[in-house]
Amino acid sequence: MNLYRQSIALFGIVLPALACAALVGLCFVLKSNALESFDNKLLLFKASAMNSTAAHEIEAKNVVQRPHLEHWVALLAEEPSSAVNTHLRAIAELLPGKEIQKTAFERTNSKGGIGTATAQPSSQLRIVFRGTFRTMQRAFLELESRMPQLQLQELRIDPNPNSQNPSPLLNFQVNYTAWEN
Amino acid sequence: MLRHTTRASNPAWYQSALDLDLQLHIRVDGPSVSTFFFKHSKAQWSKGPAITEADLKDPAKMETCAADILKQARSFKAPALGVILHLADEFATAELKPSLDNPAALPDLRDAAVQKPTSILEDSSIQPDQNSWRVLPYPAQGSGVIGTTITLTRQYAPFLAALRQTGENHNFPIVTHALSAPLVAVMGLAHCAPFAAEKSAVAILQYPWFTTLAFFNEHADLLLIRTLQHRHLTHAPNLRHALTTTNASLELIDPDLFILTLGQDLAPGLHADLSSGFPVSRVIVVTPPTPDDIPAWCPEPVIAATPPPKGETPRSLTFGILRGEKWALQDFLPTPKDVVEIYPTRSEMQLLRGLRLARLCLFAAVVLILAWFALGIFEVIRRDEWAFDPNQAEVVKTRLAKLTAEGKKSEHWDNLLADRSKAWTSMELLCRLFPEHAGFLVKTFVHTVRPDAAPGQAKVGFVKEWKISGLARDEAVDRLNSLNTQEGISARFNEVARVTGNPAFNPLLGNRSLAVNVRTQENSSFKPLPAEETFDTDETSYPFNFDLTITQRFEATDPMAINVTKAP
Numbered sequence: 000m001n002l003y004r005q006s007i008a009l010f011g012i013v014l015p016a017l018a019c020a021a022l023v024g025l026c027f028v029l030k031s032n033a034l035e036s037f038d039n040k041l042l043l044f045k046a047s048a049m050n051s052t053a054a055h056e057i058e059a060k061n062v063v064q065r066p067h068l069e070h071w072v073a074l075l076a077e078e079p080s081s082a083v084n085t086h087l088r089a090i091a092e093l094l095p096g097k098e099i100q101k102t103a104f105e106r107t108n109s110k111g112g113i114g115t116a117t118a119q120p121s122s123q124l125r126i127v128f129r130g131t132f133r134t135m136q137r138a139f140l141e142l143e144s145r146m147p148q149l150q151l152q153e154l155r156i157d158p159n160p161n162s163q164n165p166s167p168l169l170n171f172q173v174n175y176t177a178w179e180n
Numbered sequence: 000m001l002r003h004t005t006r007a008s009n010p011a012w013y014q015s016a017l018d019l020d021l022q023l024h025i026r027v028d029g030p031s032v033s034t035f036f037f038k039h040s041k042a043q044w045s046k047g048p049a050i051t052e053a054d055l056k057d058p059a060k061m062e063t064c065a066a067d068i069l070k071q072a073r074s075f076k077a078p079a080l081g082v083i084l085h086l087a088d089e090f091a092t093a094e095l096k097p098s099l100d101n102p103a104a105l106p107d108l109r110d111a112a113v114q115k116p117t118s119i120l121e122d123s124s125i126q127p128d129q130n131s132w133r134v135l136p137y138p139a140q141g142s143g144v145i146g147t148t149i150t151l152t153r154q155y156a157p158f159l160a161a162l163r164q165t166g167e168n169h170n171f172p173i174v175t176h177a178l179s180a181p182l183v184a185v186m187g188l189a190h191c192a193p194f195a196a197e198k199s200a201v202a203i204l205q206y207p208w209f210t211t212l213a214f215f216n217e218h219a220d221l222l223l224i225r226t227l228q229h230r231h232l233t234h235a236p237n238l239r240h241a242l243t244t245t246n247a248s249l250e251l252i253d254p255d256l257f258i259l260t261l262g263q264d265l266a267p268g269l270h271a272d273l274s275s276g277f278p279v280s281r282v283i284v285v286t287p288p289t290p291d292d293i294p295a296w297c298p299e300p301v302i303a304a305t306p307p308p309k310g311e312t313p314r315s316l317t318f319g320i321l322r323g324e325k326w327a328l329q330d331f332l333p334t335p336k337d338v339v340e341i342y343p344t345r346s347e348m349q350l351l352r353g354l355r356l357a358r359l360c361l362f363a364a365v366v367l368i369l370a371w372f373a374l375g376i377f378e379v380i381r382r383d384e385w386a387f388d389p390n391q392a393e394v395v396k397t398r399l400a401k402l403t404a405e406g407k408k409s410e411h412w413d414n415l416l417a418d419r420s421k422a423w424t425s426m427e428l429l430c431r432l433f434p435e436h437a438g439f440l441v442k443t444f445v446h447t448v449r450p451d452a453a454p455g456q457a458k459v460g461f462v463k464e465w466k467i468s469g470l471a472r473d474e475a476v477d478r479l480n481s482l483n484t485q486e487g488i489s490a491r492f493n494e495v496a497r498v499t500g501n502p503a504f505n506p507l508l509g510n511r512s513l514a515v516n517v518r519t520q521e522n523s524s525f526k527p528l529p530a531e532e533t534f535d536t537d538e539t540s541y542p543f544n545f546d547l548t549i550t551q552r553f554e555a556t557d558p559m560a561i562n563v564t565k566a567p
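In order, the protein sequence lines correspond to chains X and V.
Its first residue numbered 0, the first sequence is counted upward by one per residue in numbering that gives the first Met the number 0.
Its first residue numbered 0, the second sequence is counted upward by one per residue in numbering that gives the first Met the number 0.
Quick look at the structure:
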C-alpha cells in the first residue's frame, strides 16, 4: 500500500543527500585546489622573500664592488701588450729617461706560469728593462697599479755584466701573466 | 505535498470518521433525512444542517451542500469532520456461495466482499459498480450457514465523494463512513433489548420502506437476518407469515418478539397485530435510549457513536463481534482505491515529514560545511601571500641570479687581480732584507711564482720563491743568521707587508708558510784591506759568499689561492 515510500525516500533524502554530497565534494575540491594553489604561492612567496633579502644583501655588496668591477672589465677589455706599452710610455715620461730603458718586449698568447692552473684566459708578457733600482721600482709600482691584471711570474735582476764598464743601471727581466676576459 | 496539505500534521486525514471528535451523522430512511452533529469530547449532540434527499442525490446540489456542511463544521473550530451516513432506506441480503461455508475463512471473505464480491456470492449476475456488499457472520450454533452479505446500492457514493473533495479543496479533513442502519440497530439491541435467558428472540426493525428481522437463539446469538420490503405500504404485508415460517425453519419455539420502530410516523398496530398473531410469545416494543436532541426512532447515530463502557462484558458472542470486530460498522461506501492511492499513506506522510526535518538538518549541516569552507578560503585569500604574483617570484629570482652572477664575477676578478705577486713589492723586500751600507753586495735576484696544482679543487695554491746571491762582510753575518730563522724572515715579510700594504707578505694571514735557507761560504777572492781602502762594489773586500732562498707557499685554502674556473 505504501506506493510512494521509495519515491519519498529517493526524492526526500537520497537525491538531496547526493546533491549535498556533490556540493560538499565540489566545495572540498575547490578548497583543496585553493589551498594547493595557496601552498604553492606561499612557497613562492617565501622563496621570493628569501631571494629578495638575499638580493638586497648581494646588492649592498655589489654596489660597493661595482665601480671596481666596471673598472676591471674596462681594463680587461684592452689588449694587454698594447696597454702595457701605452702605460710604459706614459710612465717613462714621468721618470728620468736615463734611468729606465725598455730593451725588449715579447708577448706569448699561450698560457704559462700561474695561468696554467686556471681556466681563465691569459697571456704571457716578457719585458726587459735596463734601469736604476728605485726608478724601476717606481715604474713597476706605477705599471702594476695601473694594470692589476698583471701577475708577476718571474723577476730577475742582474747587474751590468760588463765589469770593464761599470754602470749603475741594472738589467731587469720580468715575466707577467696577464689575465684576459 | 507537505506545503499544500495538512496530511502530515493532521492525523484526522487517516482516522476513521467514528474516531474523530466532531462527527456529522446523516440518517436517510426514505421519507426523511435527519442530521446531527456529535462532539465526541463533550458527548454533546446537536442539530445538524438541513439536508434534503435532493442534496444527497442531485450532483448540482452536492457541492453547495458539502460547502455548507464544511462551513458549519468550521464553526465548531474542529480540525476535522467525520461524516457518518446511516443508510436506513434500503437493506437487502445476498447469499454466500455454499462452498465457502467455513467460519475460519470469515476474515478473508470480509476482504473479498470489498475487493472482489463476485468471488464469494452465489448470484453471478451482480453488478459491483452499482452495489456494495459486506459480510455479516452468523455466530449462532446451528444456523446452517456461516453468514450472509448485506447489499446496499452506491447511490450516495457521489455525495460522499463530493464531501471528501470539498475537504481536499479546503485542506480540511472530511472523512466519510457509510453504515447500514439496520446493522447498527441490531448491534444496539445489546443494550436495549430484554433478552431472556434460554429464550430465543426475534428483533423486528421497522423502517419506513422495509422491515428487518433478526433471529437470535437462546444465547442471544444471531441465527439469521432477513428483510421484508414494504412495497409502497406502511408495513410489511407478509410479516406474520415470514415470522412463522422462519421460526419453524430455525426451530425457534415461541421466541420473544422485540419491536423497534425506526421511522417517523410509521403505522401503529404492529404490537397488537403480533400479540394477537403470536399469543404465546412475549411481544415487547423496544425503545433504545437517546439523548434529548435525538428522536427515539432515530437511535442508530447514538449507537454507532457511543461505544459501550470499557470492561463491559458483551451479552453474547454476536454482540461482542458486531462492535468489537466492527462487523456492524463496516463502511459500505469507502473511498475508492484509485482515489486513496492518489495520496500517500499516513506512514508515508510521516516519512515525508521526517525526511523534511532530516533535509533541513542536512541542509543546515551543508550550509555550515560550506560556511566552513568559505571561511577557510576567505582566511586564505585575505593573506598577502594569496595576492602574490608568481611572476614576481620569477622577476626576483632572475634579479637574484643576475646579482649573484655579478657578485661571483666580482669575487672572481677580485681573486685573480689580488696583489699576490708584484714586482715592486719584491724589490721592496730586497731592500728590506739587505739595506744599504749593511755589508752586503747582492749579485743576482731571481723571483719566481709557480702554481701548486692539485687536481679537483676549486682553488689552487702557489709557491713564491726568491733566490738571492751575493757577498757579505763580517758585520752582515749576524743579519744573515737572523734572516735564516723563522722569526727573522717573518719579521722582514711583516715589515714589507706593513710598508707596502701588500697582504701577500703577511705571514700570519690565511694558510701559508714561509721557509728560508741561507748558505754562507768563504769568498775565495777575498783580500783583506783596511776599511778605509775598501768600496762597496769591490767584491774582493767581502769575505763571504751567500745564497739565500726564501720559499713562501700558499695553500689552496689561503684567501689568495687562485680560482680554477673561468670568470662567470
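Note that beta-carbon positions come from the ideal geometry of N, C-alpha and C, so glycine has one too.
For chain V, check one thing: does any of its Cβ atoms lie closer than 8 Å to the Cβ of GLN119(X)? Counting from one through the first sequence, the residue named residue 119(X) turns up at place 120. With 8 Å as the cut-off, GLN119(X) counts as an interface residue toward chain V.
Can you check whether the C-beta of VAL62(X) is within less than 8 Å of a C-beta belonging to chain V? Within the first sequence, numbered from 1, the residue matching residue 62(X) stands at position 63. Taking Cβ atoms only, chain V never reaches closer than 8 Å to VAL62(X), which makes this a no.
Tell me the residue span of the beta strand (DSSP E) that contains ALA200(V). Within the second sequence, numbered from 1, the residue matching residue 200(V) stands at position 201. It spans 200-205 - the beta strand (DSSP E) in which ALA200(V) sits, taken as one unbroken run.
Going by the DSSP bridge assignment, what does ALA103(X) pair with across the sheet? Numbered from 1 along the first sequence, position 104 holds the residue referred to as residue 103(X). Beta-bridge pairing links ALA103(X) to VAL127(X).
Cα-Cα separation between ALA58(X) and LEU43(X), rounded to whole angstroms: For the purposes of this step, residue 58(X) is taken as residue 59 along the first sequence, with counting starting at 1. For the purposes of this step, residue 43(X) is taken as residue 44 along the first sequence, with counting starting at 1. Looking at the sequence shown, residue 58(X) is not Ala but Glu. Cα to Cα, GLU58(X) sits roughly 21 Å from LEU43(X).
In this structure, does DSSP put HIS446(V) in helix, strand or coil? Here the question's residue 446(V) lines up with position 447 in the second sequence. Reduced to three states, the DSSP call for HIS446(V) is strand.
GLY268(V): CB within 7 Å of a non-hydrogen atom of the ligand MG: Of ligands this structure carries none, so the ligand MG is not represented either.
Is the beta carbon of GLN123(X) closer than 8 Å to that of SER144(X)? Numbered from 1 along the first sequence, position 145 holds the residue referred to as residue 144(X). Numbered from 1 along the first sequence, position 124 holds the residue referred to as residue 123(X). No, they are not a contact pair.
How would you list, in chain order, the residues of chain V whose beta-carbon sits under 8 Å from the beta-carbon of GLU58(X)? Mapped onto the first sequence, residue 58(X) falls at position 59. Chain V residues near GLU58(X): LEU402.
CA-to-CA distance, ILE149(V) to VAL282(V), given in whole angstroms: Here residue 282(V) is taken as the residue at index 283 of the second sequence, counted from 1. Here residue 149(V) is taken as the residue at index 150 of the second sequence, counted from 1. Inter-residue distance for VAL282(V) and ILE149(V) is about 27 Å (C-alpha atoms, whole angstroms).
Given a cut-off of 8 Å on the beta-carbon distance, is the pair ALA136(X) and GLU427(V) in contact? Position 137 of the first sequence holds residue 136(X). Position 428 of the second sequence holds residue 427(V). Looking at the sequence shown, residue 136(X) is not Ala but Gln. Contact: yes.
What is the DSSP secondary structure of GLN154(V), reduced to helix, strand or coil? Counting from 1 along the second sequence, the entry for residue 154(V) is found at position 155. Of the three classes helix, strand and coil, the one that applies to GLN154(V) here is coil, per DSSP.
Spatial neighbours of ARG505(V) within its chain, please: CB distance less than 6 Å, with the 5 preceding and 5 following residues excluded, ordered by chain position. Within the second sequence, residue 505(V) is the residue found at index 506, counting from 1. The question names Arg, but residue 505(V) is Asn in the sequence shown. The answer, listed in chain order, is ALA496.
Quick test of your reading: LEU249(V) and GLN205(V), contact by CB under 8 Å. State the CB separation rounded to the nearest angstrom. As a working mapping, residue 249(V) is identified with position 250 in the second sequence. As a working mapping, residue 205(V) is identified with position 206 in the second sequence. Not a contact, Cβ separation roughly 20 Å.
Who are the Cβ neighbours of PRO95(X) in its own chain at under 7 Å, not counting the five residues just before and after it? Taking the first residue of the first sequence as 1, we reach residue 95(X) at position 96. Excluding positions up to five away in sequence, the list reads THR134.
Below 9 Å between beta carbons is the criterion; list the residues of the stretch 87-116 of chain X that meet it against any residue of chain V, in chain order. Only GLY112, ILE113, GLY114, THR115 and ALA116 from the stretch 87-116 of chain X bring a Cβ to less than 9 Å from some Cβ of chain V.
When you compare the CB positions of SER425(V) and HIS446(V), do they come within less than 8 Å of one another, or not? Numbered from 1 along the second sequence, position 426 holds the residue referred to as residue 425(V). Numbered from 1 along the second sequence, position 447 holds the residue referred to as residue 446(V). For SER425(V) and HIS446(V), yes; Cβs fall inside 8 Å.
My output table needs one value for ASN168(V): the three-state DSSP class, helix, strand or coil. To locate residue 168(V), count along the second sequence from 1; it is residue 169. Three-state DSSP puts ASN168(V) in a helix.
Check for me: the beta strand (DSSP E) holding ILE173(V) runs from which residue to which? On the second sequence, residue 173(V) is found 174 positions in, with the first residue counted as 1. Start and end: 173-179.
Hey, is the stretch 308-317 of chain V in contact with the stretch 46-58 of chain V, meaning 3+ C-beta pairs nearer than 8 Å? No, the stretch 308-317 of chain V does not touch the stretch 46-58 of chain V.
What residues from chain X crowd round TRP423(V), counting only those whose CB sits closer than 7 Å? Along the second sequence, one-based indexing puts residue 423(V) at 424. Those within 7 Å of TRP423(V) in chain X are GLN136, PHE139, LEU140 and GLU143.
ALA437(V) vs ALA555(V) beta-carbon contact at 8 Å: Mapped onto the second sequence, residue 437(V) falls at position 438. Mapped onto the second sequence, residue 555(V) falls at position 556. No, the Cβ-Cβ distance between ALA437(V) and ALA555(V) is not below 8 Å.
With respect to the alpha helix (DSSP H) encompassing ALA65(V), which residues constitute its N-terminal and C-terminal limits? Here residue 65(V) is taken as the residue at index 66 of the second sequence, counted from 1. Its alpha helix (DSSP H) spans residues 58-74.
Unbroken alpha helix (DSSP H) run spanning ASN9(V), endpoints: Mapped onto the second sequence, residue 9(V) falls at position 10. First-last for ASN9(V): undefined, no H or E at that position.
On the premise that GLU98(X) lies in contact with THR131(X), defined as a C-beta separation below 8 Å, what is that separation, rounded to the nearest angstrom? Here residue 131(X) refers to the residue found at position 132 of the first sequence. Here residue 98(X) refers to the residue found at position 99 of the first sequence. Contact holds; Cβ gap of about 4 Å.
Per the DSSP calculation, PHE318(V) is bridged to which residue(s)? Taking the first residue of the second sequence as 1, we reach residue 318(V) at position 319. DSSP, once it has assigned bridges, lists no residue as partnering PHE318(V).
Cutting at 8 Å between CB atoms, please list the residues of its own chain near LYS96(V), excluding the five before and the five after it. Counting from one through the second sequence, the residue named residue 96(V) turns up at place 97. Excluding positions up to five away in sequence, the list reads ILE119, LEU120 and GLU121.
With a CB to CB cut of under 6 Å and the five nearest residues on each side skipped, what residues in its chain are close to LEU273(V)? Here residue 273(V) refers to the residue found at position 274 when the second sequence is read from its first residue. For LEU273(V), where only same-chain residues beyond five positions count, the Cβ hits under 6 Å are LEU256 and VAL282.
Could you pull out every residue in the same chain whose Cβ sits closer than 6 Å to the Cβ of GLY509(V), ignoring the five residues on either side in sequence? Residue numbering aside, residue 509(V) sits at position 510 when the second sequence is read from its first letter. Cβ neighbours of GLY509(V) beyond the five flanking positions: ASP557 and PRO558.
Buried or exposed: which applies to CYS360(V), given that a residue is buried once 16 or more other Cβ atoms fall within 10 Å of its Cβ? Your numbering for residue 360(V) matches position 361 in the second sequence. Exposed.
Please state if the CB of VAL27(V) and the CB of LEU86(V) are separated by a distance shorter than 8 Å. Counting from 1 along the second sequence, the entry for residue 86(V) is found at position 87. Counting from 1 along the second sequence, the entry for residue 27(V) is found at position 28. Yes. Within cutoff.
Can you give the Cα-Cα distance for LEU99(V) and THR147(V), rounded to whole angstroms? Along the second sequence, one-based indexing puts residue 99(V) at 100. Along the second sequence, one-based indexing puts residue 147(V) at 148. Cα to Cα, LEU99(V) sits roughly 11 Å from THR147(V).
Using CA atoms only, rank isn't needed, just tell me which of GLU52(V), PHE90(V), LEU356(V) and LEU227(V) is closest to GLY11(X). Numbered from 1 along the first sequence, position 12 holds the residue referred to as residue 11(X). It is LEU356(V) whose Cα lies nearest to the Cα of GLY11(X).
So what does DSSP say about GLU35(X), is it helix, strand or coil? Residue mapping note: residue 35(X) aligns to position 36 of the first sequence, counting from 1. Helix at GLU35(X).
With a CB to CB cut of under 7 Å and the five nearest residues on each side skipped, what residues in its chain are close to THR244(V)? Locating residue 244(V) in the second sequence gives position 245, counting from the first residue. Excluding sequence neighbours, THR244(V) sits near nothing in its chain.
DSSP state of ARG155(X) mapped onto helix, strand, coil: Reading the first sequence from its first residue, position 156 is the one you call residue 155(X). Correct three-state label for ARG155(X): strand.
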